Amino acid sequence: FSSFFLLLTIAITTAKTIESRNQIESIFMNTLVLDSWFWRQNLLVAIYIRVPRDHFLPH
C-alpha cells in the first residue's frame, strides 16, 4: 500500500497542468471516502493513463 502513495505522489508532482492535478486529487479524495480495493486499482490505472509513459520508463 506504500507503493500506492508513492505512485500517487509521483503522479501529482509530475502533473503537467493544474487541471490534471486537481482531477487526480479529486479522484484520490473519492478513493479515501470509498476506501475500497476496487477504487484504488482504478486510481492506479487512471494515473498510469494520465501521466506520460516517460515518467515510468527509462530513457
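Read in order, the letters of the sequence shown are residues -15 to -1, 1 to 44 in mature numbering (1 follows the signal peptide of the UniProt record, and there is no 0). Backbone N, C-alpha and C fix where the C-beta goes; we use that ideal spot for every residue, glycine too. Computed from a predicted model, the values in this text were never measured in an experiment.
Helix, strand or coil for T(-2) per DSSP? Assigned with DSSP and collapsed to three states, T(-2) falls in coil, not helix or strand.
Rounded to a whole number of angstroms, what is the C-alpha to C-alpha distance between S(-13) and T(-7)? Looking at the two C-alpha atoms, the distance is approximately 10 Å.
Is L(-10) buried or exposed, if buried means 16 or more other CB atoms sit within 10 Å of its CB? It is exposed - the Cβ of L(-10) has fewer than 16 other Cβ atoms within 10 Å.
Using 8 Å as the threshold, is the C-beta distance between I12 and L28 below it? Using a Cβ distance threshold of 8 Å, I12 and L28 count as a contacting pair.
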